[in-house]
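Working notes, beginning with the structure itself.
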Amino acid sequence: MALHLFNTLTRSLQTFTPLDPAGKSVGMYCCGPTVYDFGHIGNFRTFVFADLVRRYLEFKGHSVRHVMNITDVEDKIIRRVRETGKSLRDYTGEYETAFWADHAALNCLRPHGTPHATEYISEIIALIETLMTRGVAYRTDDGSVYFSIEKYRGRGGHYGRLLNLNFDALRVGERVKSDEYAKESVADFALWKARAPEDGAVCWPSPWGEGRPGWHIECSAMSMKLLGASFDLHLGGEDLIFPHHEDEIAQSEGAGVQPPGQPFVKHWLHGAHLLAEGKKMSKSLGNFYTLRDLLAKGFTGREIRYLLLTAHYREPFNFTLDGLQAARTALGRLDECKRRLTEIAAGATGKVSAATISEGQRILGEFTAAMDDDLNVSKAWAVIFEEVRVMNAFMAVGKIEPNVAAHRLTICDQVFGCFGLTPPPPAVEAPAEIAALAAARLAARQARDFKRADAIRDEMKARGWVIEDTPKGPRLKRA
RNA sequence: GGCGGGGUAGCCAAGUGGUAAGGCAGGGCUCUGCAAAAGCCUCAUGCGUCGGUUCGAUUCCGACCCUCGCCUCCA
Numbered sequence: 186m187a188l189h190l191f192n193t194l195t196r197s198l199q200t201f202t203p204l205d206p207a208g209k210s211v212g213m214y215c216c217g218p219t220v221y222d223f224g225h226i227g228n229f230r231t232f233v234f235a236d237l238v239r240r241y242l243e244f245k246g247h248s249v250r251h252v253m254n255i256t257d258v259e260d261k262i263i264r265r266v267r268e269t270g271k272s273l274r275d276y277t278g279e280y281e282t283a284f285w286a287d288h289a290a291l292n293c294l295r296p297h298g299t300p301h302a303t304e305y306i307s308e309i310i311a312l313i314e315t316l317m318t319r320g321v322a323y324r325t326d327d328g329s330v331y332f333s334i335e336k337y338r339g340r341g342g343h344y345g346r347l348l349n350l351n352f353d354a355l356r357v358g359e360r361v362k363s364d365e366y367a368k369e370s371v372a373d374f375a376l377w378k379a380r381a382p383e384d385g386a387v388c389w390p391s392p393w394g395e396g397r398p399g400w401h402i403e404c405s406a407m408s409m410k411l412l413g414a415s416f417d418l419h420l421g422g423e424d425l426i427f428p429h430h431e432d433e434i435a436q437s438e439g440a441g442v443q444p445p446g447q448p449f450v451k452h453w454l455h456g457a458h459l460l461a462e463g464k465k466m467s468k469s470l471g472n473f474y475t476l477r478d479l480l481a482k483g484f485t486g487r488e489i490r491y492l493l494l495t496a497h498y499r500e501p502f503n504f505t506l507d508g509l510q511a512a513r514t515a516l517g518r519l520d521e522c523k524r525r526l527t528e529i530a531a532g533a534t535g536k537v538s539a540a541t542i543s544e545g546q547r548i549l550g551e552f553t554a555a556m557d558d559d560l561n562v563s564k565a566w567a568v569i570f571e572e573v574r575v576m577n578a579f580m581a582v583g584k585i586e587p588n589v590a591a592h593r594l595t596i597c598d599q600v601f602g603c604f605g606l607t608p609p610p611p612a613v614e615a616p617a618e619i620a621a622l623a624a625a626r627l628a629a630r631q632a633r634d635f636k637r638a639d640a641i642r643d644e645m646k647a648r649g650w651v652i653e654d655t656p657k658g659p660r661l662k663r664a
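Listed below in structure tokens is the structure:
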């Protein structure tokens, strides 16, 4: 079964084939955060999506090299640096630390490479020089350097790969900054921005004068440096399709560093944005959720991750607090099934019948088929929940052998691992005083003094513990 | 104005030219001293509206309505 992914380049589903002749190694770049503030749930949808792509490729046996940049120099950052009086490094360092904490809270695997724009200035300058040499970039009087789309086209470059562009209809001017008046053409974009007075100390020397990198060039320089001039996958949020990714292609291919016939990037994947409570997130509507906000409301990173992974990455998704509540319940159902299987599997001897193995393969096969279909997580979850139902039904009548349970658990682990949703270790033991109360209640119940037993139960609840009577005795849980 | 997504049960969300996955909520039941928890069962003659093609359309075509996004540094 082959993985099919939607490629923005062709706007169609394509079989994913790595550039690696052995078909094993995969290079993957995801546009990371601009560290000027805390990340919101929309940002993290993209990063969870990237993490899913990586995990699924690994699940399929690929060896993935995952790179995600940190944009640590940019207009908003410079403005905040000016406003706060902090140094660039202090300011961005704070938010980068917060970002990685959030990233980890969502159980996203740390990318293998996390390059910072400010640490690749020499590579960026070298790439711009190449573009100058090839005649597709020009310096303006103020010391900025721009990419010339016209020259790029003149050299056979195709600008407008990722979307249909109608230059005549572009509503030009609204967001063009005043310092870009010197551009030869409105569609040209900055590779190097000459230092402006308000930039303060944020600048680097260059052959064109002091300044700083344009927005797009860092991704070209860093991705090609770490993954090679031509690599497999490049992902990001859908808003980056234009201009960011379009410009990345132009710069990277304009430099002419790819092997003949090979593109800068083979597959472009873009994640859709999400709505919050049915509307575009906005601070004034009160539906602007940073990951921290959600954690502060008592939701776990795992619950948030699960919710983000219930919808297909290319569909707009409506993220709601109600949805998170539903996610908690659904995840609880999965965990409960796994917990019960674990209990039964304790008696396993390791012998597994051929029928058990083939049934397991059937389940994983259906899961894989769903995921191979452009990461159709909804379909994959349907496979899993259907299996949960079947296993629950068998367990309800005590008809699962320990060896079968143990084998099903290995499937659980693979699937949970692929989604990055492996259940946390069992909850902490109750403190001695709570355990003592539980014992007292049990004694009271056995004496059929239910009034007293119920009073103790209430007391425990007041202290934050609930008690559940199961056939195997009472279980303690945090309220 | 240009370009591109979406509109499927109370909510979230798959999917298909042949009669609607899954999750949450709701309802019923089992278990229980009572609970709680858990489990099982159940839950759309219907897929934005109106036309068309077809033996048959939610699925294809056309028009329209609603909604979201991008159109130069927003994931």
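Numbers 186 to 664, taken from the numbering used here, label the letters of the first sequence in order. Built from N, CA and C at the ideal position, the CB exists for glycine as well.
message = Going by the DSSP bridge assignment, what does S248 pair with across the sheet?
response = Answer is S210.
Whether G224 touches L476 by CB criterion (7 Å) = In this structure, G224 sits near L476, with a CB-CB distance shorter than 7 Å.
query = In terms of residue numbering, what span does the alpha helix (DSSP H) encompassing F284 cover?
reply = Element bounds for F284: L273 to A290.
Proximity test, K523 beta-carbon vs the ligand FMN heavy atom, cut-off 6 Å = You won't find the ligand FMN in this model; it holds no ligand whatsoever.
task = Report the rounded CA-to-CA distance for R265 versus V220, giving the unit in angstroms.
result = The straight-line gap separating the alpha-carbon atoms of R265 and V220 is approximately 11 Å.
key: L204 (DSSP reduced to helix, strand or coil)   = Note: L204 maps to coil in three-state DSSP.
ask   = How many Å lie between T495 and P610 at the Cα?
value = Across the structure, T495 and P610 are spaced so that their CA atoms are roughly 23 Å apart.
task = Taking 7 Å as the cut-off, decide whether the C-beta atoms of H452 and L418 are in contact.
result = The answer is yes: Cβ separation under 7 Å.
request  = Find out if the Cβ-Cβ distance for the pair P587, A530 is shorter than 7 Å.
outcome  = Yes. Within cutoff.
key: Contacting residues, own chain, Cβ-Cβ under 8 Å from D559 (five flanking each side not counted)   = Within its own chain, the residues whose Cβ lies closer than 8 Å to the Cβ of D559, once the five positions on either side in sequence are excluded, are H189, L190, F191, L198, H497 and R499, listed in chain order.
Rounded distance between the beta-carbons of T256 and G217, thought under 8 Å = In this structure G217 is in contact with T256, their Cβ atoms being roughly 7 Å apart against a cut-off of 8 Å.
task = For the beta strand (DSSP E) containing R397, list its first residue and its last residue.
result = Segment G396 to P398, the beta strand (DSSP E) holding R397.
query = Cβ atoms of H251 and R239: under 7 Å apart, would you say?
reply = Yes.
Residue burial classification, P656 (beta-carbon count within 10 angstroms, cutoff 16) = Note on P656: under 16 other CB atoms within 10 angstroms of its CB, so exposed under the neighbour-count rule.
query = Counting only runs that start and end within the segment 449-485, where is the alpha helix (DSSP H) found for 4 or more residues in a row?
reply = Annotation: the segment 449-485 contains the following complete segments of the alpha helix (DSSP H) (minimum length 4 residues), in chain order: 476-481.
key: Same chain, Cβ closer than 6 Å to L242, five either side skipped, listed in chain order   = Listed in chain order, the non-local C-beta contacts of L242 below 6 Å within the same chain comprise V211 and V249, local neighbours out to five positions each way being set aside.
inquiry  = Assuming R660 is part of the beta strand (DSSP E), what are its boundary residues?
reply    = That run of the beta strand (DSSP E) goes G658 to R663.
request  = List the residues that DSSP assigns as beta-bridge partners of D558.
outcome  = Paired residues: H189.
query = Does the count of Cβ pairs from the segment 391-406 and the segment 458-467 closer than 8 Å reach three?
reply = Segments in contact, no.
ask   = For R626 versus I641, is the C-beta distance shorter than 7 Å?
value = Yes, these two residues count as a Cβ contact at 7 Å.
task = Identify whether K362 lies in helix, strand or coil by the three-state DSSP scheme.
result = Residue confidence for K362 is low, a pLDDT of 44 falling below 50, so the modelled location carries little weight; the figure read from the coordinates is stated next. Three-state result, K362: coil.
query = L526 and L594: beta carbons closer than 7 Å?
reply = Less than 7 Å divides the Cβ of L526 from the Cβ of L594.
request  = Whole angstroms is fine: what's the gap from L480's alpha carbon to H288's?
outcome  = Straight-line Cα distance between these residues: approximately 12 Å.
query = If you run the structure through DSSP and keep just helix, strand and coil, what is F229?
reply = Looking at F229 - three-state DSSP - the assignment turns out to be helix.
ask   = Is the beta carbon of V233 less than 7 Å from the beta carbon of R487?
value = Not closer than 7 Å, so no.
ask   = How would you label Y280, buried or exposed, when you count the other beta carbons within 10 angstroms and need 16 or more for buried?
value = Buried, because 16 or more other Cβ atoms sit within 10 Å of the Cβ of Y280.
request  = May I have the straight-line CA-CA distance separating M186 from L348, to the nearest angstrom?
outcome  = Near 30 Å, if we compare the C-alpha coordinates of L348 and M186.
request  = Examine the Cβ distances between the segment 311-325 and the segment 291-303 and report whether three or more of them are shorter than 8 Å.
outcome  = Proximity of the segment 311-325 to the segment 291-303 falls short of the contact definition, fewer than three beta-carbon pairs being nearer than 8 Å.
ask   = Can you give the Cα-Cα distance for G535 and I596, rounded to whole angstroms?
value = Rounded to the nearest angstrom, the two C-alpha atoms are 15 Å apart.
inquiry  = For Q199, list the residues DSSP reports as bridge partners.
reply    = Here Q199 is bridged, per DSSP, to L190.
inquiry  = With a threshold of 8 Å, are at least 3 pairs of Cβ atoms found where one atom belongs to the segment 321-331 and the other to the segment 514-522?
reply    = With fewer than three CB-CB distances shorter than 8 Å, the segment 321-331 does not count as touching the segment 514-522.
ask   = Out of P448, D634 and T231, which has the shortest C-alpha to C-alpha gap to M253?
value = Closest in alpha carbon position to M253, among P448, D634 and T231, is T231.
ask   = Who are the near neighbours of G413 in its chain, counting only those whose CB is closer than 8 Å to its CB and skipping five residues on each side?
value = Counting only residues of its own chain and dropping the five nearest sequence neighbours on each side, G413 has a CB closer than 8 Å to the CB of G212.
inquiry  = To the nearest angstrom, how far is the alpha carbon of T282 from that of A632?
reply    = A direct Cα-to-Cα measurement between T282 and A632 gives close to 56 Å.
ask   = Helix or strand or just coil, what does DSSP make of G649?
value = Coil, per DSSP.
ask   = What residues are listed by DSSP as bridge partners for C216?
value = The partner list for C216 (beta bridge, DSSP) is empty, contrary to what the question assumes.
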